[in-house]
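Colleague: The structure that follows is given in the form of structure tokens.
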Amino acid sequence: MRFSLKRAIVRSRQYFRGIQASNSGNWTWLASKPVPLAALNRSLWRTAEPSLDYLMLLVLSATISVLGLLADSAATIIGAMIVAPLMGPISGIAFSVVMANRRLLKRSLLSLIIGILMVIGVSMLISRLTGLTTLTAEIQGRTAPTLLDLGVALAAGAAGAYAKSRRGIADALAGVAIAVALVPPLSVVGIGISLGSQGVALGALLLFATNLVGIVFSGSVIFLWQRYGSISRAKEGLVIAIASLGFLAIPLGFSFQDLIVKQRTRDEIRDLISRETVTFAERDIRRFNVQRQGQELLVEIEVATRPGAISERQVKLVQSFLEKRLGQPIRLEVTLIPSEKLTAE
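Residue numbers (our numbering): 199 to 543.
So, in structure tokens, the structure goes:
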């Protein structure tokens, strides 16, 4: 009886303290508690293990990824991102950096290397078996990473590390996997090797390296912020990560500059065609694309109109006009899509 009364009094005190804290202006009561160091270490040790489950998920995610890339299906590729278990060993690397845990680092690196080789190998095999040689938009979109991709990797790595250190928000890890997309770039590497395209393979490999280094660096910073490890322990690993970021920033910066130039050129050409040419001024342009091929710009336009509405001579005149205004070689390709308008009277 006396024990029950004491327990009721303690519970009442805790309840009233909670009410007082929630109305005192001190919002620290809203913050969730970090996972204990030992528990986090055990969790990352398990996810960094190259177990049979890990290998099976890798094979399945690689299969889904390469089929989605070849089919140009974004939804399928998202499924591969969710299934992929690569965030486990990469988070283990970030944590081992701040803790100077060499055993966890070796275990995580082994799992990561096995995963990289397995995804590339499965992607090469499936690409060869299908016999498809078309570089879809989903494939091409992963061959020219920019500084924007590095920004995504840094944010995703920070989110992943924070979610790992908090029990209540572990569900956010699926969103992190979708944001950073680790397996699809490796699948593109496999497709590029299968097709004998060095540019595709190297571009996708650069994207994966960007994601990897970005996640490890920002994840390490978040783990330090959460008071796991110390700067003295993490100094060597952070220096390597920062140096790697600086090295990767060079090609990523050039790609970002090319992206800006391409977008400005595309907008300028579209504006010139729609406003300063009679041929396309009132036309229904369904598709407009600009890409560089060697020394010249290839401008592709699809117009919904009747056959013969635009002559070859008109196309040549517009091409000459663009070359004079832009001061560089232009190759203009126009596709007419037959269309017919029917109205019920």
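We put the beta carbon where it would ideally sit given N, CA and C, even for glycine.
In terms of residues, what are the limits of the alpha helix (DSSP H) holding R240?
Modeller: Residues L235 to T245.
Colleague: Report the option in D482, L393 and V476 whose CA atom is closest to the CA atom of I499.
Modeller: Of the listed residues, the one whose Cα sits closest to I499 is D482.
Colleague: Assess contact between the segment 425 to 443 and the segment 457 to 467, defined as three or more Cβ pairs (one per stretch) separated by less than 8 Å. Is contact present?
Modeller: No, because fewer than three Cβ pairs between the segment 425 to 443 and the segment 457 to 467 fall closer than 8 Å, the two stretches do not touch.
Colleague: Can you list, in chain order, the residues of its chain whose CB lies under 6 Å from that of I291, leaving out five sequence neighbours each side?
Modeller: So the qualifying residues of the chain are S306 and V414.
Colleague: Let me make sure I understand the geometry here. Which of Q517, P383 and K433 has the alpha-carbon closest to that of L315?
Modeller: When only C-alpha atoms are compared, the closest one is P383.
Colleague: What residue range does the beta strand (DSSP E) around E466 cover?
Modeller: From DSSP, E466 is part of no beta strand (DSSP E) but of the alpha helix (DSSP H) over I429 to E474.
Colleague: What are the boundary residues of the alpha helix (DSSP H) that E521 is part of?
Modeller: Per DSSP, E521 belongs to the alpha helix (DSSP H) from E510 to L524.
Colleague: How far does the beta strand (DSSP E) with N487 in it extend, from its first residue to its last?
Modeller: It spans D482 to Q491 - the beta strand (DSSP E) in which N487 sits, taken as one unbroken run.
Colleague: Quick one: measure Cβ to Cβ for V381 and A260, integer angstroms, because I've assumed they're closer than 8 Å.
Modeller: Sure, about 6 Å apart at Cβ, within 8 Å.
Colleague: Under DSSP, the beta strand (DSSP E) around R529 begins and ends at which residues?
Modeller: Looking at the DSSP string, the run of the beta strand (DSSP E) that includes R529 is I528 to I535.
Colleague: Report all residues from its chain with a CB closer than 6 Å to the CB of G427; omit the five preceding and five following residues, and keep chain order.
Modeller: Result list for G427: V296 and M297, in chain order.
Colleague: Round the Cβ separation of F194 and L345 to the nearest angstrom and send it over; I've been treating them as touching at under 8 Å.
Modeller: Coverage of the chain is limited to positions 199 through 543, which leaves residue 194 absent and any answer about it impossible.
Colleague: Could you work out which residue in L410, M322 and L400 is closest to P449 when comparing CA atoms only?
Modeller: When each option's Cα is compared against that of P449, the closest is L400.
Colleague: Determine the burial state of R485: buried for a count of at least 16 other Cβ atoms within 10 Å of its Cβ, exposed for fewer.
Modeller: Under this definition R485 is an exposed residue.
Colleague: Among G277, L253 and L524, whose alpha-carbon lies nearest the alpha-carbon of G264?
Modeller: In the sequence on display, residue 264 carries Val and not Gly. The shortest Cα separation from V264 among G277, L253 and L524 belongs to G277.
Colleague: Measure the C-alpha to C-alpha separation of G266 and M285 and round it to an integer number of angstroms.
Modeller: Spanning the two alpha carbons is a distance of roughly 20 Å.
Colleague: May I ask which residues mark the beginning and end of the alpha helix (DSSP H) holding L496?
Modeller: First-last for L496: E494 to A502, but that is the beta strand (DSSP E), not the alpha helix (DSSP H).
Colleague: CB-CB under 8 Å to G525, same chain, minus the five flanking residues each way: which ones, in chain order?
Modeller: Excluding residues within five positions, none has a Cβ falling inside 8 Å.
Colleague: Keeping to the same chain, check which residues put their C-beta closer than 6 Å to that of T533; ignore five residues upstream and five downstream.
Modeller: Only E500 meet the Cβ criterion.
Colleague: Compute the beta-carbon to beta-carbon distance between V233 and R364, rounded to the nearest angstrom, for a pair I have assumed lies under 8 Å.
Modeller: With 8 Å as the limit, V233 and R364 qualify as a contact, their Cβ atoms being about 7 Å apart.
Colleague: For E336, count neighbouring C-beta atoms within 10 Å of its own C-beta (all shown protein chains included) and say buried if the count is 16 or more, exposed if not.
Modeller: With 16 or more Cβ atoms within 10 Å of its Cβ, E336 is classed as buried.
Colleague: Could you pull the start and end residues of the alpha helix (DSSP H) that N299 belongs to?
Modeller: It is not in any alpha helix (DSSP H) - N299 carries neither H nor E in the DSSP assignment.
Colleague: Taking 7 Å as the line, does the beta carbon of Y252 fall inside it for any heavy atom of the ligand COA?
Modeller: As for the ligand COA, it is missing from this structure, which has no ligand bound.
Colleague: Would a C-beta distance cut-off of 8 Å place Q512 and L530 closer than the cut-off?
Modeller: Not in contact: Q512 and L530 (Cβ atoms no closer than 8 Å).
Colleague: Can you tell me which of R244, L404, R300 and G412 puts its alpha carbon nearest to the alpha carbon of G358?
Modeller: The shortest Cα separation from G358 among R244, L404, R300 and G412 belongs to G412.
Colleague: Please work out which residues of its chain come closer than 6 Å, Cβ to Cβ, to T475, disregarding the five sequence neighbours upstream and downstream, and give them in chain order.
Modeller: Hits under 6 Å: V516.
Colleague: When DSSP labels each residue in this structure, what does P232 get in the three-state scheme?
Modeller: The answer is strand: DSSP assigns P232 an E or B state.
Colleague: Under a Cβ-count criterion, where at least 16 other Cβ atoms within 10 Å of its own Cβ denotes burial, should A351 be classed as buried or exposed?
Modeller: Per the 10 Å Cβ criterion, buried.
Colleague: Excluding sequence positions up to five away, which residues of its chain have a Cβ less than 7 Å from the Cβ of G394?
Modeller: Answer for G394: no residue qualifies.
Colleague: Is DSSP giving N224 helix, strand or coil here?
Modeller: Since pLDDT at N224 reaches only 49, below the 50 mark, its modelled position is unreliable, and the value read off the structure follows with that caveat. Correct three-state label for N224: coil.
Colleague: Is it true that the CB of V387 sits closer than 8 Å to the CB of V320?
Modeller: Not a contact, by the Cβ cut-off of 8 Å.
Colleague: List the DSSP bridge partners of R364.
Modeller: For R364, which the question treats as bridged, DSSP gives the partners P232.
Colleague: Among A502, P505 and E466, which has the Cα closest to the Cα of V488?
Modeller: Of the listed residues, the one whose Cα sits closest to V488 is E466.
Colleague: When you compare only the Cα positions, how much space is there between A342 and A282?
Modeller: Spanning the two alpha carbons is a distance of roughly 22 Å.
Colleague: Just curious, the alpha helix (DSSP H) that L380 is in, first and last residue?
Modeller: It is not in any alpha helix (DSSP H) - L380 carries neither H nor E in the DSSP assignment.
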